[in-house]
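The next block holds one structure in the form of structure tokens; read it before the comments.
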Amino acid sequence: RPAALAETRAGVERQPVETAEDEGEEDEAQRDVIVVTGTNIRGIAPDSSPSFVFTREDIDISGTSTLSEFIQTLPQSFGGGAQASIVSLPGDSAAGQNTVAGSSVNLRGTGSGATLVLLNGKRIAPSGDRGGFVDISLIPLSAIERIEIITDGASAIYGADAVGGVVNIVLRDDYVGAEAFAGIGSDSGGDVIEYRAGASVGRTWRSGSLIASYEFSDRGELDVVDRAFASESLTPNTLLPQAEVHSGLVSVSQDIGSRLSLQAEATYAERMSDSRFRASRTLLSESQTEVRQSGLSVQAIMDVSDDWQVASTASYSSYYGVVATNRLEPSPRDLLSQRTSDTLAFSARADGPLFSLPGGTVLAAIGAEYREEYFKLYSPLSNNVSRIDERDISSVYAEVFVPIVGEENRVPGIRRLEVTLASRQDSYSDFGDAFTPKLGVVWAPTDEVLVRSTYGESFNAPNLGTTGSGVGGSIAFNVPNPASQTGTSLAIIDLRGPDLDPEESTSWTVGVDYSRQFGGGQLQSSMTWYDISYVDRIGSPGSFLTYLLNPEVFAPIITFNPDPNLVSTIVNDPGTNFTNASGGAWTAPGDEDVLLDARITNLASQDTSGIDFNLNYEISPEIGDLSFDLGVAYIFEQNQSITSTSPALDVIDTIFRPVDFKLRGGATWTLEHWTLAGFVNHVDSYTDNRELNGPGDVEVDAWTTFDLNLAYRSGGGHQSTLLNDVRVALSVRNLFNEDPPFIEGAADTNGRRAGYDPANADPLGRFVTLTLTKEW
Numbered sequence: 001r002p003a004a005l006a007e008t009r010a011g012v013e014r015q016p017v018e019t020a021e022d023e024g025e026e027d028e029a030q031r032d033v034i035v036v037t038g039t040n041i042r043g044i045a046p047d048s049s050p051s052f053v054f055t056r057e058d059i060d061i062s063g064t065s066t067l068s069e070f071i072q073t074l075p076q077s078f079g080g081g082a083q084a085s086i087v088s089l090p091g092d093s094a095a096g097q098n099t100v101a102g103s104s105v106n107l108r109g110t111g112s113g114a115t116l117v118l119l120n121g122k123r124i125a126p127s128g129d130r131g132g133f134v135d136i137s138l139i140p141l142s143a144i145e146r147i148e149i150i151t152d153g154a155s156a157i158y159g160a161d162a163v164g165g166v167v168n169i170v171l172r173d174d175y176v177g178a179e180a181f182a183g184i185g186s187d188s189g190g191d192v193i194e195y196r197a198g199a200s201v202g203r204t205w206r207s208g209s210l211i212a213s214y215e216f217s218d219r220g221e222l223d224v225v226d227r228a229f230a231s232e233s234l235t236p237n238t239l240l241p242q243a244e245v246h247s248g249l250v251s252v253s254q255d256i257g258s259r260l261s262l263q264a265e266a267t268y269a270e271r272m273s274d275s276r277f278r279a280s281r282t283l284l285s286e287s288q289t290e291v292r293q294s295g296l297s298v299q300a301i302m303d304v305s306d307d308w309q310v311a312s313t314a315s316y317s318s319y320y321g322v323v324a325t326n327r328l329e330p331s332p333r334d335l336l337s338q339r340t341s342d343t344l345a346f347s348a349r350a351d352g353p354l355f356s357l358p359g360g361t362v363l364a365a366i367g368a369e370y371r372e373e374y375f376k377l378y379s380p381l382s383n384n385v386s387r388i389d390e391r392d393i394s395s396v397y398a399e400v401f402v403p404i405v406g407e408e409n410r411v412p413g414i415r416r417l418e419v420t421l422a423s424r425q426d427s428y429s430d431f432g433d434a435f436t437p438k439l440g441v442v443w444a445p446t447d448e449v450l451v452r453s454t455y456g457e458s459f460n461a462p463n464l465g466t467t468g469s470g471v472g473g474s475i476a477f478n479v480p481n482p483a484s485q486t487g488t489s490l491a492i493i494d495l496r497g498p499d500l501d502p503e504e505s506t507s508w509t510v511g512v513d514y515s516r517q518f519g520g521g522q523l524q525s526s527m528t529w530y531d532i533s534y535v536d537r538i539g540s541p542g543s544f545l546t547y548l549l550n551p552e553v554f555a556p557i558i559t560f561n562p563d564p565n566l567v568s569t570i571v572n573d574p575g576t577n578f579t580n581a582s583g584g585a586w587t588a589p590g591d592e593d594v595l596l597d598a599r600i601t602n603l604a605s606q607d608t609s610g611i612d613f614n615l616n617y618e619i620s621p622e623i624g625d626l627s628f629d630l631g632v633a634y635i636f637e638q639n640q641s642i643t644s645t646s647p648a649l650d651v652i653d654t655i656f657r658p659v660d661f662k663l664r665g666g667a668t669w670t671l672e673h674w675t676l677a678g679f680v681n682h683v684d685s686y687t688d689n690r691e692l693n694g695p696g697d698v699e700v701d702a703w704t705t706f707d708l709n710l711a712y713r714s715g716g717g718h719q720s721t722l723l724n725d726v727r728v729a730l731s732v733r734n735l736f737n738e739d740p741p742f743i744e745g746a747a748d749t750n751g752r753r754a755g756y757d758p759a760n761a762d763p764l765g766r767f768v769t770l771t772l773t774k775e776w
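Residues 1 to 776 (my numbering) make up the sequence shown, in order.
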């Protein structure tokens with residue numbers, strides 16, 4: 001359930017891994033024990049880490065039609081990363097220049113590059129103009145079995161990128177039968193029509209299984225003229241681009257004898273989209289985007305003994321995106337850019353029991369990995385390579401689970417006590433070595449209460465799109481300058497990438513889970529405090545106007561009245577490609593009032609802390625089954641220092657940044673064939689601190705919306721087979737058609753004016769979807 005706990009961790013005994021002494025069906029039991037997200041050891045869950053698991057039922061009840069829409073329903077998710085409605089926003093360099101109209105995962109606003117996204121436990125080639133995020137919009141929702149999320153640092157388990165959390169998308173692999181669905185959706189005014197259709201077929205035999213799945217979707221474009229809150233913006237201007245997506249999956253598994261199992265999986269997706277963009281009254285462009293993402297993996301799992309298992313995996317993931325931009329005004333100009341990203345990985349893992357303690361069996365896992373990454377951003381028309389780089393990574397890791405107190409030696413006040421230790425050594429061809437440890441502790445004082453805590457160190461290597469060789473990207477802008485006598489200035493922004501170091505971070509979590517029978521039903525609750533501290537955080541310091549309005553904060557990167565020789569040196573640098581993005585004529589060096597060093601760089605620090613709270617209550621009265629859910633995310637602070645000498649700024653509750661308080665709560669009622677679910681979503685108020693109309697902040701209203709979903713499943717027993725196993729679902733998102741809070745002059749860093757904050761709201765309004773699903 002979107003706001004509920006993934007599992008009841010308090011009061012549930014750990015199931016031991018089958019060993020040689022167990023009689024009966026030990027071989028079958030071994031195959032049934034799996035590895036879950038957050039650990040490399042079979043048969044245990046990462047109970048010390050805050051985690052969520054969302055099933056297909058949860059996804060269906062949510063009423064969403066894409067994976068990115070579902071992720072955005074989570075209170076822990078922040079929309080300020082890469083989204084189809086966002087080209088680029090300050091504070092998320094990993095998603096910068098999202099001209100491919102992709103969608104990322106950004107937990108708690110720590111950045112798209114701080115959340116590792118896996119597909120069946122394997123890495124996906126990154127997307128974007130800098131290779132900074134995984135595009136989840138290309139993963140078909142109908143092919144997903146469940147979504148597993150860990151919200152603490154996990155670099156000791158998975159390596160780089162797992163700084164703020166891990167999202168593992170598990171695809172269906174054991175479906176038996178056939179399924180087809182078709183759906184249509186529209187906003188209230190009919191401005192955006194969405195069509196979806198797909199089919200899956202699966203079969204099993206005594207020693208294996210096969211599943212194939214295909215999904216198609218086509219969503220129309222939403223323009224600013226279609227929304228009253230954005231109608232005063234420059235037109236035409238796309239709020240949501242048109243997008244057509246095709247995606248497919250084939251997965252097969254086969255047992256070879258009693259100890260060896262082979263699994264193979266192939267995925268493919270492509271998206272075509274169109275949008276229009278008016279940056280000024282004289283500058284109008286339109287763009288067509290085509291992206292393709294494919295993956296292939298093969299895994300061999302062997303039981304080398306009755307207790308130990310070895311899994312070897314080879315995987316390849318590829319991403320290709322091309323953006324054709326046609327500048328229509330003031331003078332026609334065609335631009336074409338291609339970006340290619342590849343990831344090739346090999347891994348081997350062995351895990352099993354070591355020895356027994358009074359509290360249970362000590363389990364361990366060891367492994368090694370090798371990965372090659374490649375990225376290229378290329379402009380065919382100008383024959384310029386904007387960015388190209390490659391690297392290889394070698395890794396070794398170990399993990400051990402130690403049950404100190406278990407069922408056999410429990411005492412009052414200590415019903416369960418466990419420690420998990422993990423460490424990993426990564427060797428990068430371009431950044432050297434990184435060692436990352438992690439410690440997890442679980443203590444259950446009673447059968448109803450579980451206390452857990454983790455400490456971990458993580459790192460994140462710079463994206464290949466920001467480190468490699470190629471032509472620079474410096475830009476000239478006419479921007480307001482309060483320090484200038486004329487009120488304006490020609491600012492030179494040097495965007496050439498400097499030498500970057502990996503980000504490093506430490507994370508702490510402390511949480512309490514509580515579960516008990518209450519009022520005839522089952523109550524589950526969870527609360528987690530977290531603190532994530534970054535050093536050398538990679539990012540862009542902020543918007544250009546912010547620099548000039550806060551000269552004391554940004555003093556290290558601002559030079560007023562720069563030496564003309566210095567400006568000339570930068571402009572004439574052969575590694576720099578200067579253009580005037582404002583659309584006007586270039587002014588010769590010597591007339592500049594300000595020099596801004598707005599390069600992506602290693603920021604001094606970023607600290608984020610907060611609390612997540614989740615509650616679920618299930619009861620089965622005579623009128624059916626009832627479930628009540630509540631998820632709350634509260635962020636205390638997100639302090640960011642631009643340089644080692646600048647003061648820390650708390651960016652929480654400011655425009656384009658995370659708000660301090662979000663929630664999603666709801667209730668689900670199931671009675672025989674019917675399911676009715678309703679949810680409330682709340683984004684707290686915050687401030688617009690850009691000072692567009694003079695000094696002082698402007699309050700942005702809170703935004704509260706309601707979702708309603710109704711479904712009917714026919715089951716079997718009908719005389720006509722066409723009526724058996726049919727599901728009809730009607731979902732209404734934003735039931736009362738609540739507009740996002742209006743924000744005057746709201747625009748992303750590329751100047752696209754929308755009249756609202758796309759990081760904390762969406763422009764669709766009421767959206768109604770009808771879906772028909774048939775199974776055989």
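For every residue, glycine included, the Cβ atom is placed at its ideal position computed from N, Cα and C. All figures in this text were calculated on a predicted structure; none of them were measured in a lab.
Assess, as a yes-or-no matter, whether the region 369-385 is touched by the region 413-421 under the definition of 3 or more beta carbon pairs within less than 8 Å. no
Answer yes or no: do V100 and V323 have a C-beta to C-beta separation smaller than 8 Å? yes
Beta-carbon proximity list for P46, same chain, < 6 Å, skipping 5 on both sides: G38 and T39
For the beta strand (DSSP E) containing I404, name the first residue and the last one. N384 to V405
Between which two residues does the alpha helix (DSSP H) containing Y175 stretch? Element bounds for Y175: n/a, residue is neither H nor E.
Contact between the region 213-223 and the region 182-193: three or more CB pairs below 8 Å? yes
What would DSSP say about E69, mapped onto helix, strand or coil? helix
Would you kindly report the start and end of the unbroken alpha helix (DSSP H) that includes R371? First-last for R371: G360 to S379, but that is the beta strand (DSSP E), not the alpha helix (DSSP H).
Determine the extent of the alpha helix (DSSP H) in which W327 is found, giving its start and end residues. Reading off the sequence shown, one finds Arg at residue 327, where the question assumed Trp. R327 -> not in any alpha helix (DSSP H); beta strand (DSSP E) instead, spanning Q309 to E329.
So, under 8 Å CB-CB, L450 and D513 are touching, yes? Tell me the CB distance rounded to an integer number of Å. 4 Å
Please report the distance separating the alpha-carbon of A759 from that of I211. 37 Å
Rounded straight-line distance, which links the Cα of V442 to that of T238: 50 Å
In this structure, does DSSP put E57 in helix, strand or coil? helix
What are the boundary residues of the beta strand (DSSP E) that Y617 is part of? T601 to I619
Within a Cβ cutoff of 7 Å, which residues of the same chain sit near V405, ignoring the five residues on either side of it in sequence? G359, I414, R416 and L417
Relative to the C-alpha of Y634, which candidate in I642, S685, G678 and T668 has its C-alpha closest? S685
For D748, count the other beta carbons within 10 Å of its own beta carbon; 16 or more makes it buried, fewer makes it exposed. Which is it? Because the pLDDT of D748 is 46, which lies under 50, any placement of that residue in the model is unreliable, and the number read from its coordinates should be weighed accordingly. Flag for D748 reads buried.
Alpha carbons only, please: which of V732, S568 and N561 is nearest the one belonging to D593? N561
T66 and D612 closer than 8 Å at C-beta: no
Going by other Cβ atoms of all chains shown within 10 Å of its Cβ, with 16 needed for buried, is E69 buried or exposed? buried
Neighbourhood of R766 by C-beta, 8 Å cutoff - its chain only, sequence neighbours within 5 removed: D187, S188, V732, R733, N734, L735, F736 and N737
Given V102 as reference, the closest of S423, P437 and G131 once Cα atoms are compared: Strictly speaking, residue 102 in this sequence is Gly, with Val absent from that position. Minimum Cα distance to G102 is reached at G131.
In chain order, what residues of the same chain have a beta carbon less than 6 Å from the beta carbon of Q425, not counting five sequence neighbours either side? V396 and F435
Contacting residues, own chain, Cβ-Cβ under 6 Å from S297 (five flanking each side not counted): K122, E265 and S315
Might you give, ordered along the chain, the residues of its own chain that have their beta carbon closer than 6 Å to the beta carbon of R713, omitting 5 neighbours on each side? H673 and R727
Report the rounded CA-to-CA distance for S77 versus F52, giving the unit in angstroms. 13 Å
Buried versus exposed call for F355 [16 or more other C-beta atoms within 10 Å across all chains shown]: exposed
CA-to-CA distance, L171 to N614, given in whole angstroms: 25 Å
Between G716 and D725, how many whole angstroms is the CB-CB distance? I'm expecting something under 8 Å. 6 Å
Rounded straight-line distance, which links the Cα of D255 to that of A723: The question names Ala, yet the displayed sequence has Leu at residue 723. One C-alpha to the other measures close to 36 Å.
Among G678, L676 and V683, the one whose alpha carbon lies nearest that of T654: V683
CB V400 to CB A368, shorter than 8 Å? no
Relative to the C-alpha of G432, which residue among N460, S423 and E408 is closest? N460
Assuming the contact rule is C-beta atoms closer than 8 Å, F554 and I652 should be a hit. Round their C-beta distance to whole Å, please. Actually they do not touch by this definition, with Cβ atoms about 19 Å apart.
From the DSSP output, which residues share a beta bridge with G456? K438 and S507
Report the option in Y319, N616, L596 and G755 whose CA atom is closest to the CA atom of P556. L596
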